[in-house]
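To keep things clear, I will list the structure first and then write my remarks on it.
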Amino acid sequence: MKTGKVVLDADGIDRSITRIAYEILERNKGVEDLVLVGIRAGGVSLAEKLREKILRIEEADVPVGILDITLYRDDLLTTNRKPQLGKTDIPFSLNNKKVVLVDDVLFTGRTIRAAMDALIDFGRPKLIQLAVLIDRGHRELPIRADFVGKNLPSSLWEEVSVNLTEANERDEVVIEDE
Amino acid sequence: MKLARKDILGIKELSVDEINLILDTAESFIEISTRDIKKVPTLRGKTVINLFYEPSTRTRTSFEIAAKRLSADAVNISASTSSVVKGETLIDTAMNLEAMNPDIIIMRHSAAGAPHILSGLIKQSIINAGDGAHEHPTQALLDMMTIREKKGKIEGLKVAIVGDIAHSRVARSNIYGLTKMGANVTVAGPATMMPRDIDKLGVRVCYHLEEAIKDVDIIMVLRIQLERQENNIFPSLREYSNYYCLNARNITLAKDDVLVMHPGPINRGVEIAPDIADGSHSIILDQVTNGVAIRMALLYLLTG
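Chains as they are written, first to last, in my numbering: chain H, 1 to 178; chain G, 1 to 304.
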């Protein structure tokens, strides 16, 4: 049986996103050349929420792109399952931009490796930073996040799911025992 | 989600769900062709063989570009420069190609059923790029993708397919696909170009262009295969174009927002007037663009 435990509620998530937004602005000294790229599917709504926060704090709108990393996965030809392909939509140049990659959960790091390869195919960013809501450990590649909402040590057989809604009030992060 | 089949031989055997999966996947591939660097690493190390026993520009180039944009290695073989001219049989050619361990073989042949024979003999995936007057599944898929993109749906649309229905694999594949997806299909052409019992495929049959295109959403014009004129299926090109050429006058019978499609190559002034082929209703070049995405989707879904 699956048992779920809420580790972060809507208010907690909102505070984390607020802090990450401030950290992004602090580290990059404002919004100049800043763009956000959400990794499909979990990172898309998080990137959108970050954009809204930054808009409120700095009164500046940063461009948000969507990246689907399916075609860059390293397990495509070894697994029998074909993941559903989603659309990539980055309607602006990444050349000389400060790109903040956004994802909900950082786990093995393989998704981020794929995302960085994909980004490089779009141009030469000035730098790439990584923002995640949850870092659950168990890295298999030398990758770390620049901005983390919450470090959540987990065991491999647990499942961490981030449920973000447009209305915000039912947002939650749940850890489940398989 | 995976396409649970080894080969793509025709539209006839595909389910609505499979067609939707292919079209949805293809939509995600459009973006890659708009990048500065038009390549993703997905099929690195895979080999795709284009085996063409009939002339082709669009389809062969489209498959080759699709394979290369996915980082697969594409090899082209055309019958006129291969061992076929030395008398090698189709099956021997295929077995030799199989021995070189490609992953996908794309095949065009003048004989209906040729790719079906090979599919039972070799373990690699086969995509039919046109077999005789039988099927041309990737053309129908890119046509359906283009219709869905422009009209937002296929179901309920009125589609007229005009021309040499009897000799057209494009017509046959589109009839299977469009009727499955819920479109109302009318076929039109001279009686000598209309196969007997075509109505059993669920289409309305007309012998007059004007009657066929009245109030339709889509007109698919087929190429008049000039090489078949010797078979006396029509008296002269001029007579054919008098009765069946889509032009600025008769197109007004269709809906105001009618879309005009053609699988190419077009014979300007024979089956379609130049001002229609190049005009605002024409989505002929969108078909070609989407063709690359459809073929990328099939290569992606059939490998791994």
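Glycine included, every Cβ here is placed at the ideal spot set by N, Cα and C.
*asked:* Judging by CA-CA distance, which residue of H/Ala131, H/Val44, H/Ile143 is the nearest neighbour of H/Arg19?
replied: H/Ala131
_Amino acids of chain H, ordered along the chain, whose beta-carbon sits closer than 8 Å to that of G/Ile37_ = Asp121, Phe122
_chain H within 7 Å of G/Ala40, Cβ atoms only_ = The sequence shown places Val at residue 40 of chain G, not Ala. Interface residue, yes.
_Along the region 84-96 of chain H, where does the CB come closer than 8 Å to a CB of chain G? Name the residues._
Look at the region 84-96 of chain H: the residues with a C-beta under 8 Å from a C-beta of chain G are Gln84, Leu85, Gly86, Lys87, Thr88, Asp89.
*What is the rounded straight-line gap between the Cα of H/Lys97 and the Cα of G/Thr93?*
As the crow flies, the alpha-carbon of H/Lys97 is around 52 Å from that of G/Thr93.
*Taking 7 Å as the CB-CB limit, is G/Thr25 close to chain H?*
yes
*asked:* For H/Lys82, which residues in the same chain have their Cβ closer than 7 Å to its Cβ, ignoring the five residues on either side in sequence?
replied: none
*Name the residue from H/Leu127, H/Phe92, H/Val62 whose alpha carbon lies nearest to the alpha carbon of G/Glu31.*
Out of H/Leu127, H/Phe92, H/Val62, H/Phe92 has the C-alpha closest to the C-alpha of G/Glu31.
_Top-ranked residue by Cα proximity to G/Arg238, from G/Asp275, G/Ala277, G/Arg268, G/Leu43_ = G/Arg268
*Under 8 Å by Cβ, that's how I've got G/Ala129 and G/Leu299 pegged, so tell me the actual separation to the nearest angstrom.*
With a Cβ gap of about 12 Å, G/Ala129 and G/Leu299 do not count as contacting.
*With a cut-off of 7 Å, does the C-beta of G/Ser28 fall near any C-beta of chain H?*
Chain H places a beta carbon closer than 7 Å to that of G/Ser28, counting this residue as a contact.
*Near H/Arg139, which residues of its chain fall below 7 Å by C-beta distance, leaving aside the five closest residues on each side in sequence?*
Thr108, Gly109
*Identity of the residues DSSP links to G/Asp143 by a beta bridge*: Looking at the DSSP assignment, G/Asp143 forms no beta bridge with any residue, so it has no partner.
*Starting from the C-beta of H/Ile175, find all residues in its chain whose C-beta is less than 6 Å away, skip the five residues before and the five after it, and write them out in chain order.*
Lys5, Val7, Glu158, Val160
*Would you say G/Glu149 reaches chain H, if we count a Cβ-Cβ gap shorter than 7 Å as a contact?*
no
*Can you give me the start and stop residues for the beta strand (DSSP E) that G/Met107 sits inside?*
From DSSP, the beta strand (DSSP E) with G/Met107 extends over 104-109.
_Reduced DSSP secondary structure (H/G/I, E/B, other) of H/Ile13_ = helix
*Just the C-alpha distance for H/Pro153 and H/Ile143, rounded to the nearest angstrom, thanks.*
16 Å
_If you follow the alpha helix (DSSP H) that G/Ile8 is in, where does it begin and where does it stop?_
Here G/Ile8 belongs to no alpha helix (DSSP H), and DSSP marks it neither H nor E.
*Can the beta-carbon of G/Pro55 be found less than 7 Å from the beta-carbon of G/Val170?*
no
*Look up G/Thr186 in the DSSP assignment and give the residues it is bridged to.*
G/Ala160, G/Arg204
*Enumerated in chain order, which unbroken segments of the alpha helix (DSSP H) with a length of 4 residues or greater are wholly contained in the region 101-153 of chain H?*
110-121
*Assuming G/Glu271 and G/Arg223 form a contact by the criterion Cβ under 8 Å, report the distance between their Cβ atoms to the nearest whole angstrom.*
7 Å
*asked:* Going by beta-carbon coordinates alone, are H/Val62 and H/Val99 separated by less than 7 Å?
replied: Contact flag unset, no.
_Status (buried if at least 16 other CB within 10 Å, exposed otherwise) for H/Thr165_ = exposed
*Would you list, in sequence order, the uninterrupted beta strand (DSSP E) runs of no fewer than 3 residues that lie entirely inside the region 32-107 of chain G?*
47-52, 73-78
*Report yes or no: is there a C-beta of chain H within less than 7 Å of the C-beta of G/Glu31?*
Chain H contact via Cβ: present.
*Beta-bridge partners of G/Asn20, as assigned by DSSP*: According to DSSP, which records beta bridges pairwise, G/Asn20 is partnered with nothing at all.
_Those residues which DSSP pairs with H/Leu67 across a bridge_ = H/Ile39
*Secondary structure of G/Met220, DSSP reduced to three states*: Strand, per DSSP.
_Collapsed DSSP secondary structure at G/Met296 in the structure displayed_ = helix
*Can you tell me whether G/Gly87 is buried or exposed, with buried defined as 16 or more other CB within 10 angstroms of its CB?*
Within 10 angstroms of the beta-carbon of G/Gly87 lie fewer than 16 other beta-carbons, which makes it exposed.
_Of the residues H/Leu94, H/Ile90, H/Lys126, H/Ala114, the one placed nearest H/Val44, counting alpha carbons only_ = H/Ile90
*Can the beta-carbon of G/Gln124 be found less than 7 Å from the beta-carbon of G/Ile105?*
A distance below 7 Å separates the beta carbons of G/Gln124 and G/Ile105.
*Outcome for H/Arg40 when other beta-carbon atoms lying within 10 angstroms are tallied against a minimum of 16*: The residue in question, H/Arg40, is buried, as its Cβ has 16 or more Cβ neighbours within 10 Å.
_When G/Ala72, G/Ile19, G/Leu9 are compared against G/Met181, the one with the closest alpha-carbon_ = Cα-wise, what sits closest to G/Met181 is G/Ile19.
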